Amino acid sequence: MKKVFERPKSLRQAEFTYCPGCIHSIIHRMVAETMDELDITNRTIGVCPVGCAVFMYEYMNCDMIEAAHGRAPAVATGVKRVLPDKFVWAYQGDGDLASIGTAEIIHAAARGEKISVVFINNTTYGMTGGQMAPTTLVGQRGSTCPAGRDPEHTGYPIRVSEMLATLDAPSYIARVTPTSPAGLVKTKKAIKRAFENQLAGKAFSMVEVLSNCPTHWRMTPIESFKWIDENMTPVFPLGVFVDR
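End of the sequence shown sits at 243 in numbering that gives the first Met the number 0; the numbers just go up one at a time, nothing left out.
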């Protein structure tokens with residue numbers, strides 16, 4: 000019998016430790032599929048920092064480096080400059096990229112570093128207890144804002160893609176979400192485009208993925224997907240912001 004769906008070769012035979020229904024698992028598979036399709040696994044170096052994906056090196060069948068919290072773009076920059084023939088990508092969450100790592104991502108993008116970044120935005124610090132993140136929506140509850148985020152005290156959500164799109168150097172910036180069949184296709188296409196840009200020698204690319212956190216949102220996976228579509232996308236519109 001012909002096999003039509005199987006585990007990507009770039010994904011190890013390891014059981015994910017993510018919460019049931021978490022989009023991290025979907026994106027891991029897409030990254031692995033893309034590496035397979037582009038035949039770059041053997042020359043790929045991935046960088047994962049602190050966050051829910053801290054153990055990503057257990058799942059990906061390529062060389063991986065674990066960076067300090069927020070420093071993945073800096074580490075990826077160093078690797079790419081020293082080993083320009085390698086394919087280098089970073090995988091970051093919103094608490095990591097948009098908070099402690101804000102300077103790193105902005106300046107890597109401003110310099111046009113030839114790296115690819117996958118940015119998972121689930122509006123919370125998932126690994127450490129559901130605290131408010133820079134992307135937490137106004138009124139959204141978290142362990143550090145049990146009454147809901149109040150912009151009078153904590154400001155408004157940071158739109159990272161729009162912010163980086165004001166810079167001259169990036170070659171590709173897009174925001175997607177895999178909450179529907181069409182969204183799955185668009186998400187995979189965006190990741191592949193970001194990877195292809197690096198292979199073509201183009202500057203910085205980033206794909207922002209609107210993700211869920213069923214555990215800290217206290218929802219079922221299906222409810223969390225609906226919440227993304229109804230609450231996150233109005234604040235974080237989907238689309239391509241830079242395509243040079």
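Glycine included, every Cβ here is placed at the ideal spot set by N, Cα and C. Source: prediction; values computed, not measured.
What are the start and end residues of the beta strand (DSSP E) that includes residue i?
i	result
residue 120	115-120
residue 91	86-92
residue 64	62-65
residue 174	171-175
residue 43	43-47
residue 242	238-242
As a quick exercise: from the options, pick the residue whose alpha carbon is nearest that of residue i.
i	options	result
residue 62	42, 101, 141, 112	42
residue 106	71, 2, 221, 48	71
residue 100	66, 83, 77	66
residue 15	165, 216, 77, 56	56
residue 137	122, 1, 37	122
residue 190	217, 90, 142, 59	90
residue 11	40, 58, 26	58
residue 175	23, 236, 152	236
residue 188	26, 19, 17	26
residue 217	200, 154, 145	145
residue 19	230, 186, 219	219
residue 213	5, 158, 17	17
residue 139	24, 215, 5	215
residue 159	98, 3, 77	98
residue 222	148, 147, 102, 21	21
For residue i, which residues from the same chain have a beta carbon less than 8 Å from its beta carbon, with the 5 sequence-adjacent residues on both sides left out?
i	result
residue 169	108, 111, 163, 202, 203, 204, 205, 241, 243
residue 195	37
residue 232	176, 209
residue 198	37, 39, 86
Using a Cβ-Cβ cutoff of less than 7 Å, which residues in the same chain neighbour residue i once the five nearest sequence positions on both sides are dropped?
i	result
residue 224	178, 211
residue 94	50, 124, 132
residue 143	130, 131
residue 166	108, 109
residue 227	176, 178, 209, 211
residue 161	240
residue 31	7, 9, 10, 59
Look at the Cβ atom of residue i, then the Cβ atom of residue j, and state whether they are nearer than 7 Å.
i	j	result
residue 29	residue 9	no
residue 92	residue 50	yes
residue 64	residue 53	no
residue 119	residue 208	yes
residue 44	residue 85	yes
residue 134	residue 141	no
residue 239	residue 173	yes
residue 83	residue 68	no
residue 150	residue 234	no
Determine the extent of the alpha helix (DSSP H) in which residue i is found, giving its start and end residues.
i	result
residue 110	101-110
residue 77	71-81
residue 257	Residue 257 is absent from the model: the chain starts at 0 and stops at 243.
residue 160	159-164
residue 132	Looking at the DSSP string, residue 132 is not in any alpha helix (DSSP H), and its letter there is neither H nor E.
residue 5	That residue, residue 5, is in no alpha helix (DSSP H); it is neither H nor E in DSSP.
residue 225	220-226
residue 24	22-37
residue 213	213-216
Output needed for residue i: all residues of its chain with C-beta closer than 6 Å, excluding positions within five of it in sequence on either side, in chain order.
i	result
residue 114	75, 79, 87
residue 104	72, 96
residue 193	115, 171, 204, 206
residue 40	9, 34, 61
Answer yes or no: does any C-beta atom of chain D fall closer than 7 Å to that of residue i?
i	result
residue 42	Looking for chain D here will not work: only one protein chain is present.
query: Quick one: complete beta strand (DSSP E) runs, 3+ long, within the segment 180-211?
result: 204-209
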